[in-house]
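A.B. asks: I have a structure here, written as structure tokens, and I will follow up with some questions on it.
Numbering (the working numbering), first residue to last: 4 to 254.
Pasting the structure below:
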């Protein structure tokens, strides 16, 4: 331990040789030293220039691992889990720790899965040298959470006469931010794409069917909602006044 009034003088040999650094602050990098290097240090009184004997100091240089993820900005869907650093290649000589751990299924892995997310969250990855945990770097991943589209039909569970028409509208449609996929499901089979607007009109109903609307976010197509309503086809009544009758004029 150095007296504050003294100067540290460094050497690369136990005896002889000139000091390698003067005065006391000595720094080094991996490029300037082998992984384990021995140095010798002495104390010098600046007033008298008297120096102590040399003491041996072993210095081990550890790599600082890189904290890297492919994406630092991610968008997730409300209430869903995502994988962080899915394609990260792990360094066998490093340890990985994510935070906040309360929002992760497991925090001590290089690639982790989040708990269902309901609000924007910043996750921090700490990558440390497994032999020297004080040698570490960090990086962050910001996760923005988008809410799913809301679907509200103007009418549900409709009845329509055979051959009649019906229109169903999504009252909460937002064509500037959402995409729509209308389809009819009849006898278990889908009609496929019928329209992409806020409304769907079936102009000739000849069977009972189910109308389904899937709404997805333009910014994140995998973030979607769907809703169905039933259209029941009703056979029109038959007018029956009985058999024809004949009557006398004036009766």
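All C-beta atoms in this analysis are idealised placements derived from N, C-alpha and C, irrespective of residue type, glycine included.
Skipping 5 residues on each side, what residues in its chain have a beta carbon closer than 6 Å to that of residue 26?
C.D. replies: Model confidence at residue 26 stands at a pLDDT of 40, short of 50, so the residue's coordinates are unreliable; what they give is reported in the following sentence. Closer than 6 Å at Cβ, skipping near neighbours: 10.
A.B. asks: Let me check understanding here. Comparing Cα to Cα, which of 112, 236, 68 lies closest to residue 262?
C.D. replies: No answer is possible for residue 262: it lies beyond the span of the chain, which begins at 4 and ends at 254.
A.B. asks: Assign residue 215 to one of three DSSP states: helix, strand, or coil.
C.D. replies: If DSSP states are grouped into helix, strand and coil, residue 215 belongs with the strands.
A.B. asks: Assign residue 102 to one of three DSSP states: helix, strand, or coil.
C.D. replies: In the structure shown, residue 102 sits in a strand (DSSP, three-state: E or B).
A.B. asks: Are there any heavy atoms of the ligand ADP lying less than 8 Å away from the beta-carbon of residue 50, as far as the coordinates show?
C.D. replies: This structure simply doesn't include the ligand ADP, nor any ligand for that matter.
A.B. asks: Can residue 187 and residue 205 be called in contact, C-beta distance under 9 Å?
C.D. replies: It is a contact, given that the beta carbons lie within the stated cut-off.
A.B. asks: Could you give the C-beta distance for residue 84 and residue 118, rounded to a whole number, given that I count them as a contact under 8 Å?
C.D. replies: Right, their Cβ atoms sit about 6 Å apart.
A.B. asks: What does DSSP give as the partner residue(s) for residue 245 in the beta ladder?
C.D. replies: According to DSSP, residue 245 bridges with nothing at all.
A.B. asks: Got a sec, what are the start and stop residues for the beta strand (DSSP E) residue 129 sits in?
C.D. replies: Taken as a continuous stretch (DSSP letters only), the beta strand (DSSP E) holding residue 129 covers 124–132.
A.B. asks: Helix or strand or just coil, what does DSSP make of residue 221?
C.D. replies: Three-state result, residue 221: coil.
A.B. asks: Nearest by alpha-carbon distance to residue 56: which of 49, 43, 66, 62 is it?
C.D. replies: Selected option, being the one with the closest Cα: 43.
A.B. asks: Have a look at 181, 129, 20, 245 and flag the residue whose alpha-carbon is nearest the alpha-carbon of residue 98.
C.D. replies: Comparing Cα-Cα distances from residue 98 to each of 181, 129, 20, 245, the minimum goes to 129.
A.B. asks: Cutting at 7 Å between CB atoms, please list the residues of its own chain near residue 2, excluding the five before and the five after it.
C.D. replies: This structure gives no information on residue 2, because the portion of the chain shown stretches from 4 to 254.
A.B. asks: Going by C-alpha distance, which of 166, 169, 221, 194 is nearest residue 150?
C.D. replies: Residue 221 is the option with its Cα nearest to residue 150.
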